[in-house]
Amino acid sequence: MQDGQILYINPDNLHKNPAYTNVIVVTGQVKTIYIGGQDAVDASGTIVGKGDIKKQTEQVLANLQAALKAGGAELDHIVKWNVYVVQGQNIQPAYKVFQQFWGRRPDPPAITVVFVSGLANPDFLVEMDAIAVVPQ
Numbered sequence: 000m001q002d003g004q005i006l007y008i009n010p011d012n013l014h015k016n017p018a019y020t021n022v023i024v025v026t027g028q029v030k031t032i033y034i035g036g037q038d039a040v041d042a043s044g045t046i047v048g049k050g051d052i053k054k055q056t057e058q059v060l061a062n063l064q065a066a067l068k069a070g071g072a073e074l075d076h077i078v079k080w081n082v083y084v085v086q087g088q089n090i091q092p093a094y095k096v097f098q099q100f101w102g103r104r105p106d107p108p109a110i111t112v113v114f115v116s117g118l119a120n121p122d123f124l125v126e127m128d129a130i131a132v133v134p135q
């Protein structure tokens, strides 16, 4: 049984940015965890931070962390992150929360940020989903 391996690659002919990795290659025996879109809702179903993208981002990241834990993974195992932001929102407060949350971990995931006209509930300002890979 071959151990799983995750390679983070930033080819010389692609722009390098410390906030994301351009290419991630996963090989061998791994456990893959797919986390569906998380919104600013707490466990009781209450929307957190109505009108405040910073507070909503904090709740979304807390939800993602709880989902990772439930799947047997940690933040460091995320290889792909998708972020959906409602058009017209200033993403700087959300970006600062994300930077604090991620910290100075090496090998950031591949990240896609998309501006959308709306999410499942009109009070949602940001949503995130992720894929995590845990070497076995």
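0 is the number of the first residue of the sequence shown in my numbering; add one for each residue after it. C-beta atoms are modelled at their ideal positions from N, C-alpha and C, and glycine is treated no differently.
- DSSP, reduced to helix, strand and coil, places N81 within a strand of the structure shown.
- The Cβ neighbour count for F97, taken over all protein chains shown within 10 Å, is at least 16; the residue is labelled buried.
- Where P134 is concerned, there is no enclosing alpha helix (DSSP H), although the beta strand (DSSP E) around it starts and stops at 125 to 134.
- In this chain, the beta strand (DSSP E) harbouring Q4 covers 4 to 8.
- Close CB contacts of L74 within its chain, under the 7 Å cut and outside five residues either way in sequence, are with Q64, L67 (chain order).
- Relative to the Cα of N62, the nearest Cα in the group V133, F100, Q37, N16 belongs to Q37.
- A straight-line Cα-Cα distance of about 8 Å links V82 and F114.
- Contact between A39 and I46 holds: CB atoms are separated by about 6 Å, below the 8 Å threshold.
- Beta-bridge pairing by DSSP links N16 to Y19.
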